[in-house]
Amino acid sequence: MRRRERRARDRRRCGEWSKSTLNIDFATYNPLSLIIKDQGWLEKTLGDDVTVNWTQSLGSNKANEGLRAGALDVGTPAGSASLLARSNGSPIKTIDIYTQPEWSALATRPGSGIDSVEDLRGKTVAVTVGTDPYFFLLQALDEAGVDPSEVDIQNLQHADGGAALVNGTVDAWSGLDPMMAAHEIDGDIELFYRNVDFNTYGFVNATEDFVTNHADLAQLVVDAYEKARAWALEHPDETSALLAEVAAIDPAVADKVLLERTTIDLDPVPGDAQLKVLTVVAPIQVANGDIASQDAADSALSTLLYPDFAQKADPSRVG
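First residue of the sequence shown? That's 4 in the working numbering, and the numbers climb one at a time after it.
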């Protein structure tokens with residue numbers, strides 16, 4: 004690894020990079036990605052040598068699909084979705100942590116008669132399979148002693164699930180911010196079950212090929228994320244306004260998401276905090292058949308996290 008890092012430094016000194024393109028995602032559930040894209044820091048640092056291609060991920064499942072297909076070098080799904088992907092053979096590594104959000108909860112319409120997780124027996128619940136709200140739902144059902152087979156789970160993309168709840172097509176929704184907060188503020192839905200401990204962290208993932216063969220660019224991405232973290236903490240109002248603009252949501256919704264439900268000031272190095280929550284999620288994923296075996300889950304837990312870049316992050320190298 005040290006030899007690779009020396010070669011990467013030499014390339015930067017010579018104005019050369021290990022790859023001519025950088026394929027990276029942005030998402031409304033990942034505010035730091037919005038800042039990096041808006042500020043153009045990667046483009047400024049890379050100049051004409053590397054083309055930066057931005058792709059919007061509409062959910063963790065889409066980020067994982069992009070990484071597995073090689074369409075993305077860097078994608079930003081939730082921790083639970085990252086564990087699922089790694090367990091099922093996707094060659095990814097977690098190189099940074101962007102936030103600890105409370106971005107998932109269980110919602111229903113006012114007056115629906117659903118007041119608890121137990122009330123979901125025999126009901127239809129919209130959720131995007133393979134994402135944090137999905138594993139939030141499974142954990143909530145497990146805690147309440149409700150078998151998933153007792154619930155009619157409808158696999159809908161996040162925005163579609165929220166719309167389905169509002170129009171009465173489903174009885175409940177395992178939602179995701181900022182869509183969830185928007186419907187909540189508008190009065191269309193109410194949250195009947197919240198649990199911050201069931202929300203996993205936001206993971207910055209890269210393909211193993213990118214980590215191994217393009218460490219110079221991987222380090223730059225992590226450096227950019229840490230610059231964005233500092234910028235977000237110094238400019239909360241601007242960060243909220245940017246989220247509102249990109250997500251096309253009311254500023255009050257953006258404020259609720261960022262100021263009430265998102266922890267940005269945290270240790271970005273992937274490690275014990277993330278393993279603690281994923282170790283709880285893994286057996287539920289196995290029991291539900293999303294991961295083939297506990298051995299596969301344990302293997303993923305032992306190989307997913309790659310802290311080296313975050314440990315060496317230096318925002319001053321960006322822009």
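Note that CB positions come from ideal geometry on N, CA and C, so glycine has one too. Computed from a prediction, not measured in an experiment: that's the story for all the values here.
Do you know offhand how far residue i's Cα is from residue j's?
i              : j              : result
isoleucine 192 : lysine 126     : 16 Å
leucine 194    : alanine 251    : 22 Å
threonine 97   : aspartate 122  : 37 Å
proline 94     : valine 128     : 31 Å
alanine 143    : aspartate 212  : 36 Å
leucine 75     : glycine 116    : 43 Å
arginine 71    : leucine 236    : 32 Å
valine 120     : tyrosine 196   : 7 Å
glycine 205    : aspartate 51   : 30 Å
arginine 320   : isoleucine 38  : 16 Å
proline 271    : isoleucine 100 : 5 Å
isoleucine 267 : valine 225     : 15 Å
lysine 22      : serine 177     : 39 Å
proline 318    : leucine 49     : 14 Å
asparagine 208 : valine 77      : 6 Å
cysteine 162   : isoleucine 156 : At residue 162 the sequence reads alanine, which differs from the cysteine that was named. Approximately 16 Å, taken between the alpha carbons.
tryptophan 44  : serine 296     : 42 Å
methionine 183 : threonine 24   : 35 Å
leucine 304    : glycine 92     : 12 Å
arginine 89    : leucine 307    : 7 Å
valine 289     : threonine 282  : 11 Å
Using the beta-carbon count (16 or more within 10 Å), is residue i buried or exposed?
i             : result
glutamine 314 : exposed
glycine 292   : exposed
aspartate 275 : exposed
lysine 230    : buried
arginine 264  : buried
glycine 73    : exposed
proline 80    : buried
lysine 47     : exposed
proline 286   : exposed
alanine 316   : buried
lysine 40     : buried
arginine 232  : buried
proline 254   : exposed
Taking 7 Å as the cut-off, is the beta-carbon of residue i closer than that to any non-hydrogen atom of the ligand MG?
i           : result
proline 273 : What this structure holds is no ligand at all, so the ligand MG is not there to describe.
Hey, could you find the ends of the alpha helix (DSSP H) residue i is sitting in?
i             : result
asparagine 67 : 63-72
aspartate 41  : 34-42
aspartate 311 : 311-314
What are the boundary residues of the beta strand (DSSP E) that residue i is part of?
i             : result
isoleucine 27 : 24-29
glutamine 59  : 54-59
Review point. Is the stretch 24-32 in contact with the stretch 54-63, if contact means three or more CB pairs nearer than 8 Å?
Key: Cβ pair count under 8 Å is three or more, so yes.
Point to revise | Cβ contact (3+ pairs, closer than 8 Å) linking the stretch 236-256 and the stretch 98-107 | key: Not touching, per the Cβ criterion.
Review point. Taking three-plus beta-carbon pairs below 8 Å as touching, is the stretch 161-178 in contact with the stretch 110-118?
Key: Between the stretch 161-178 and the stretch 110-118 there are three or more C-beta pairs closer than 8 Å, enough to call the two in contact.
Exercise for review: Just list the alpha helix (DSSP H) runs in the stretch 213-301, keeping only unbroken ones of 4 residues or longer that don't cross its boundaries, in chain order.
Suggested key: 218-237, 239-250, 254-258, 275-290, all fully within the stretch 213-301.
Point to revise | Three or more C-beta pairs below 8 Å linking the stretch 131-151 and the stretch 211-222 | key: Flag = no, the stretch 131-151 and the stretch 211-222 do not touch.
**Study point:** Given 8 Å, three or more beta-carbon pairs between the stretch 176-191 and the stretch 256-264
**Key:** Taking one beta carbon from each stretch, the stretch 176-191 and the stretch 256-264 have 3 or more pairs nearer than 8 Å; the two touch.
Check your understanding: What are the uninterrupted segments assigned as alpha helix (DSSP H) that are 4 or more residues long and contained completely in the stretch 156-222, given in chain order?
Key -> The stretch 156-222 contains these whole alpha helix (DSSP H) runs: 161-169, 182-189, 211-216.
Review point. For the stretch 82-164, which segments carrying the beta strand (DSSP E) assignment without a break, of at least 3 residues, lie completely within its bounds, in sequence order?
Key: Within the stretch 82-164, the complete beta strand (DSSP E) segments at least 3 residues long are 95-100, 107-111, 127-130, 155-158, listed from N- to C-terminus.
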